[in-house]
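Asks: Numbering (my numbering), first residue to last: 2 to 143.
Think of the CB as a built atom: it goes at the ideal place given N, C-alpha and C, for glycine as much as any other residue.
A quick note: this is a predicted structure, and the numbers were derived from the prediction, not measured.
There's a structure below that I have some questions on.
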């Protein structure tokens, strides 16, 4: 629905899609995806990760904001600790910094991901996060 100054994408009017196997490991669902019209540059979606599911390594040329909606997940920037994220947490990912995020091993997690586009691109996708990387090292919970 569009008015003179707003567009509303009604919940349920866009089908859920399966997270592509070229970007995710495990079972991932993407809902309510959007892309602002110019001059806006933001794209976003609600992404739900089943336990153990996660993104591949990736980076965002203009950065990213994640708002954890439900559950418990993990995130990690390259060369940093694996960190627990919980419902209500807001995670900012620096421009160009290689990272991953997803559900914890035994708990699902959903987040709203908002990313800006530059030159038509919002994400540089890389290789999968290995099981050793996903489970490895200490877990920061604070």
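Looking at residue 105 and residue 69, is the spacing between their C-beta atoms short of 7 Å?
Replies: Taking 7 Å as the Cβ cut-off, residue 69 and residue 105 do not qualify as a contacting pair.
Asks: My assumption, with CB atoms under 8 Å, is that residue 64 sits in contact with residue 96. Please give the rounded CB distance.
Replies: Taking a contact as a CB-CB distance under 8 Å, the pair residue 64 and residue 96 counts as one, their CB atoms being some 4 Å apart.
Asks: Can you find the residues in the same chain that come closer than 6 Å, C-beta to C-beta, to residue 115, ignoring five residues on each side of it along the sequence?
Replies: 43, 45 and 66
Asks: For a quick check, are the C-beta atoms of residue 20 and residue 31 less than 7 Å apart?
Replies: yes
Asks: Could you please give the first and the last residue of the uninterrupted alpha helix (DSSP H) stretch that includes residue 132?
Replies: 132-136
Asks: Taking residue 33 as the reference, give the member of 91, 124, 49 and 128 with the closest Cα.
Replies: The candidate whose alpha carbon is nearest that of residue 33 is 49.
Asks: Assuming residue 59 contacts residue 127 under a Cβ cut-off of 8 Å, what Cβ separation, rounded to an integer in Å, is found between them?
Replies: 6 Å
Asks: Taking a contact to mean a Cβ-Cβ separation below 7 Å, would you say residue 71 touches residue 88 in this structure?
Replies: Yes.
Asks: Does the Cβ-Cβ distance between residue 56 and residue 129 come in under 7 Å?
Replies: Note that the C-beta distance between residue 56 and residue 129 is not below 7 Å.
Asks: Below 8 Å on the Cβ atoms is my guess for residue 100 versus residue 77; work out the distance and round it to an integer in Å.
Replies: 6 Å
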